[in-house]
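In this note's numbering, the protein residues as written are 195 to 490.
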């Protein structure tokens, strides 16, 4: 049975190929190496200069004979294509050669010019630096001083707001002092509680649940006090008797709205002059801050 020819097969015909195999070993047979046989000459042959000069070998004809039988009797009719050579992988072994031991390097500290200078010269330089630093005065910027001065000067409204935020004050004194203090401080608008120790000369009922009292100093002015019996009732008072009254002055009047009324004790009477002196000092200070000229 003859093999069926492949459709991809192409007859290449007669090909001029050199006859190779003259320098091969007889056991190797006819073999195509693709290497010019001039390179297969012996190393001892002195006629190898023809490789460099391009001269033909001795006993070799210039024209290569044709081999008509090559390619005509081709039996393998299945063409599989060119066989590609796989890249060779080389693994480099580890370098086990030990490295030469380097001699120990000696490092020396380099001296600077400052180290070479004598101590006396260095001390003189330090003294001069201290003298220069001490001689330079501190320059205070003018803008900073102006800002500090402006922050210290507050407007009247700012001072009033700060005064109201500080909370109420409590002053103790007789009826005459309280009337003067109220006249001086009512323009400022500060909230003040007054503690008055005086004689109660009259008690009578007012509108709804109010009680009207009249208090006065010994040989001094009198003041009307209004007490509302909402939380506590007015205690029984003997007329005339010394009472202790705490309250606030009603705006635009000389009347006192009392929050607490009780008979005065011996300590209240004896401590009244001292407390009145402290209150007078505080009122005078407030009047000076807000430019109010009142003789207290």
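Yeah, the Cβ is synthetic: ideal placement off N, Cα and C, and Gly gets one too.
Under the three-state DSSP convention, the category residue i falls into
i	result
residue 458	coil
residue 389	strand
residue 481	helix
residue 449	coil
residue 395	strand
residue 222	Because the pLDDT at residue 222 is just 47, under 50, the model does not fix this residue reliably, and the point stays unresolved.
residue 255	Any reading at residue 255 needs caution, since the residue's pLDDT is 48, under 50, leaving its predicted position unreliable; the model's value is listed next. Note: residue 255 maps to coil in three-state DSSP.
residue 472	helix
Delimiting residues of the beta strand (DSSP E) encompassing residue i
i	result
residue 374	That residue, residue 374, is in no beta strand (DSSP E); its alpha helix (DSSP H) goes 369 to 379.
residue 441	435 to 443
residue 406	404 to 410
residue 419	416 to 422
Own chain, CB closer than 8 Å to residue i, minus 5 neighbours either side, in chain order
i	result
residue 429	455, 456 and 457
residue 370	411, 414 and 415
residue 399	405 and 406
residue 358	383, 384 and 385
residue 485	none
residue 424	403
residue 445	380
Residues near residue i by beta carbon distance below 6 Å, same chain, minus five either side
i	result
residue 407	394, 397 and 419
residue 436	393 and 458
residue 434	393 and 395
residue 438	391, 456, 458 and 462
residue 441	450, 451, 452 and 453
residue 548	Outside the shown range of the chain, which is 195 to 490, sits residue 548, and nothing can be said about it.
residue 464	none
Supposed close pair residue i, residue j - CB separation, criterion 8 Å
i	j	result
residue 432	residue 421	Going by Cβ atoms, the distance from residue 432 to residue 421 rounds to 16 Å, so no, they are not a contact pair.
residue 386	residue 363	5 Å
residue 471	residue 368	Actually they do not touch by this definition, with Cβ atoms about 12 Å apart.
residue 360	residue 466	No, residue 360 and residue 466 are not in contact; Cβ-Cβ is about 25 Å, not under 8 Å.
residue 480	residue 372	Contact flag wrong, Cβ pair sits at about 15 Å.
Own chain residues within Cβ distance below 7 Å of residue i, not counting five before or after
i	result
residue 376	443
residue 448	373 and 417
residue 426	none
residue 482	none
Counting Cβ pairs closer than 8 Å, one from the stretch 465 to 481 and one from the stretch 444 to 456, do we hit at least three?
No, the stretch 465 to 481 is not in contact with the stretch 444 to 456.
Three Cβ pairs or more, each shorter than 8 Å: is that satisfied between the stretch 406 to 420 and the stretch 374 to 382?
No, they do not touch.
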